[in-house]
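**Student:** Counting from 1, position 109 in the sequence shown corresponds to residue 108 in numbering that gives the first Met the number 0; the numbering is continuous, with no gaps. Where a beta carbon is used, it is the ideal one built from N, C-alpha and C, also for glycine.
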Amino acid sequence: MNRFRIVLILMTLGAVGMFAADKARSPADWKLTPATVEALRKLKLPGIRLNIDERAIDVNATVCLHKGLLELVACTKGTKEHESIVALDARPVHIHTALLLFGARPGTPASRMVQGAEGVRWIPVKPAGDRVQVSLVFPNAEGKLQEHPIQKFIAFAQPKKISGLAPAKIKPRNFSADYLFAGSHLLKKGNGPKQYLCEQSGNVISISSFGDELLCLPEIHGHEDDGLFWEVNPEGLPAVGQSVILRLRPIKKPVKR
């Protein structure tokens with residue numbers, strides 16, 4: 000095991016213990032020793048900046064969509080850019096590590112479980128995990144960086160815009176302000192190392208429920224055509240291909256099933 004991995008593991012364990020003392024505190028109330036701050040500033044994760052001042056994780060991203068229905072907010076590059084707002088430069092497992100370093104506790108993505116002894120009925124199980132605020136950061140007309148909540152760039156897709164489908168049975172509503180740190184899954188295959196599923200699928204921050212995402216909405220959302228009710232709102236969104244920062248800010252109040 001190389002020095003980087005040893006330091007990463009030790010710091011992750013230390014950070015979890017450091018923040019666990021008071022789960023009710025907001026990020027602004029977290030107290031870090033000078034030594035801890037210095038160590039966090041020195042830690043390098045490709046495509047990620049540990050933003051101590053903002054108590055947030057800043058991830059390098061690229062805008063990849065201005066028109067269309069959404070299944071994701073963010074995907075890894077080369078996967079699902081046709082249904083995501085941004086594509087990320089960083090590895091999902093590194094984003095997971097960064098969230099741990101800021102004291103966020105992972106839960107689980109949405110799933111199904113058997114109800115009854117005979118196993119003939121499956122029931123949905125909602126996702127769980129600490130809340131995380133998601134936003135985009137990019138320069139304004141004067142060149143000053145500004146933070147925008149991600150819901151600003153997501154609009155309800157009116158039924159008439161979904162070709163060939165019956166009118167939606169849900170009323171228009173605002174997009175959720177918070178996500179959950181679901182944490183994807185580790186899967187063992189053969190004799191090799193465990194695989195972090197999100198890295199295989201590209202489902203980093205989902206709108207639809209896939210069951211392997213890193214961050215997800217608090218409720219279960221379908222990803223068939225008749226379950227897609229959100230689309231890109233391009234107003235104020237930088238052009239496709241433009242670099243932006245995806246900011247993840249943990250909120251220390253867990254959402255339970």
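Are the beta-carbon atoms belonging to L213 and N202 less than 9 Å from one another?
**Tutor:** On the sequence shown, position 214 is the one that residue 213 refers to. On the sequence shown, position 203 is the one that residue 202 refers to. Cβ distance < 9 Å, so L213 and N202 count as in contact.
**Student:** According to DSSP, what are the bridge partners of V231?
**Tutor:** Here residue 231 corresponds to residue number 232 of the sequence shown, with the count starting at 1. Answer is I153, bridged to V231.
**Student:** Output the distance between the C-alpha atoms of C63 and S207, rounded to the nearest integer angstrom.
**Tutor:** Residue numbering aside, residue 63 sits at position 64 when the sequence shown is read from its first letter. Residue numbering aside, residue 207 sits at position 208 when the sequence shown is read from its first letter. Rounded to whole angstroms, C63 to S207 spans 18 Å at the Cα level.
**Student:** Going by beta-carbon coordinates alone, are L68 and E230 separated by less than 9 Å?
**Tutor:** Residue mapping note: residue 68 aligns to position 69 of the sequence shown, counting from 1. Residue mapping note: residue 230 aligns to position 231 of the sequence shown, counting from 1. Cβ distance < 9 Å, so L68 and E230 count as in contact.
**Student:** Considering only the alpha carbon of each residue, which of A38, E53, F180 and L236 lies closest to A154?
**Tutor:** In the sequence shown, counting from the first residue as 1, residue 154 sits at position 155. Selected option, being the one with the closest Cα: L236.
**Student:** Taking just the CA atoms, how far does T75 sit from C197?
**Tutor:** Position 198 of the sequence shown, counted from the start, is the residue given in the question as residue 197. Position 76 of the sequence shown, counted from the start, is the residue given in the question as residue 75. Distance between the alpha carbons of C197 and T75: 9 Å.
**Student:** Counting beta carbon pairs with one atom in the segment 241-252 and one in the segment 52-59, are three or more of them shorter than 8 Å?
**Tutor:** With the cut-off at 8 Å, the segment 52-59 and the segment 241-252 touch.
**Student:** Counting C-beta neighbours from all protein chains within 10 Å, is the total for K143 16 or more, i.e. buried, or is it exposed?
**Tutor:** Position 144 of the sequence shown, counting from 1, holds the residue named residue 143. With fewer than 16 other Cβ atoms within 10 Å, it is exposed.
**Student:** DSSP three-state call for S208: helix, strand or coil?
**Tutor:** On the sequence shown, position 209 is the one that residue 208 refers to. If DSSP states are grouped into helix, strand and coil, S208 belongs with coil.
**Student:** How far does the alpha helix (DSSP H) with Q199 in it extend, from its first residue to its last?
**Tutor:** Against the sequence shown, residue 199 aligns to sequence position 200. Counting along the chain, the alpha helix (DSSP H) containing Q199 begins and ends at L196 to S200.
**Student:** Could you name the residues that DSSP lists as bridge partners for P138?
**Tutor:** As a working note, residue 138 is residue 139 in the sequence shown. Per DSSP, L144.
**Student:** Is P105 helix, strand or coil when you go by DSSP?
**Tutor:** Residue numbering aside, residue 105 sits at position 106 when the sequence shown is read from its first letter. DSSP places P105 in strand when its eight states are reduced to three.
**Student:** Short check: CB of V133 to CB of I204, under 9 Å?
**Tutor:** The residue labelled residue 133 in the question sits at position 134 within the sequence shown. The residue labelled residue 204 in the question sits at position 205 within the sequence shown. Yes, they are a contact pair.
**Student:** I'd like the list of long-range same chain contacts for L195, defined as Cβ closer than 7 Å, with 5 residues on each side in sequence excluded.
**Tutor:** Translated into the one-based positions of the sequence shown, residue 195 becomes position 196. It should be noted that the sequence gives Tyr, not Leu, for residue 195. The residues are P91, V92, S183 and L185.
**Student:** Compare the Cα-Cα distances from G77 to each of V36, S200 and F180 and report the closest residue.
**Tutor:** The residue you call residue 77 lines up with position 78 of the sequence shown. Out of V36, S200 and F180, S200 has the C-alpha closest to the C-alpha of G77.
**Student:** To the nearest angstrom, report how far apart E218 and L227 are at their CA atoms.
**Tutor:** On the sequence shown, position 219 is the one that residue 218 refers to. On the sequence shown, position 228 is the one that residue 227 refers to. Those two C-alpha atoms are separated by around 14 Å.
**Student:** Tell me whether the beta-carbon of A176 lies closer than 9 Å to the beta-carbon of P126.
**Tutor:** Counted from its first residue, the sequence shown places residue 176 at position 177. Counted from its first residue, the sequence shown places residue 126 at position 127. For A176 and P126, no; Cβs fall outside 9 Å.
**Student:** Are there 16 or more other CB atoms within 10 angstroms of the CB of D211, so buried, or fewer, so exposed?
**Tutor:** Position 212 of the sequence shown, counted from the first residue, corresponds to residue 211. So D211 counts as buried.
**Student:** Return the chain-ordered list of same chain residues with a C-beta closer than 8 Å to the C-beta of V239, the five sequence neighbours on each side being excluded.
**Tutor:** Within the sequence shown, the letter at position 240 stands for residue 239. V62, C63, L64 and H65.
**Student:** Provide the residue(s) that pair with V36 in DSSP beta bridges, ordered along the chain.
**Tutor:** Start at 1 with the first residue of the sequence shown, and residue 36 comes out as number 37. Paired residue(s): none; V36 is not in a bridge.
**Student:** Is the separation between the beta-carbon of I94 and that of F152 shorter than 9 Å?
**Tutor:** Numbered from its first residue, the sequence shown carries residue 94 at position 95. Numbered from its first residue, the sequence shown carries residue 152 at position 153. Cβ atoms of I94 and F152: not closer than 9 Å.
**Student:** For a minimum of 3 consecutive residues, which ranges assigned as the beta strand (DSSP E) are wholly contained in the segment 50-90?
**Tutor:** Listed in chain order, they are 55-62, 71-75 and 85-87.
**Student:** Please look up how many angstroms separate the CB atoms of L44 and A97, rounded, as I've assumed it's under 8 Å.
**Tutor:** Within the sequence shown, the letter at position 45 stands for residue 44. Within the sequence shown, the letter at position 98 stands for residue 97. That belief holds up - the Cβ atoms of L44 and A97 are roughly 6 Å apart, short of 8 Å.
**Student:** Measuring straight from C-alpha to C-alpha, what distance separates F174 and L216?
**Tutor:** On the sequence shown, position 175 is the one that residue 174 refers to. On the sequence shown, position 217 is the one that residue 216 refers to. Spanning the two alpha carbons is a distance of roughly 10 Å.
**Student:** Could you tell me whether the Cβ atoms of R104 and D88 are closer together than 9 Å?
**Tutor:** For the purposes of this step, residue 104 is identified with residue 105 of the sequence shown, where counting begins at 1. For the purposes of this step, residue 88 is identified with residue 89 of the sequence shown, where counting begins at 1. No. Outside cutoff.
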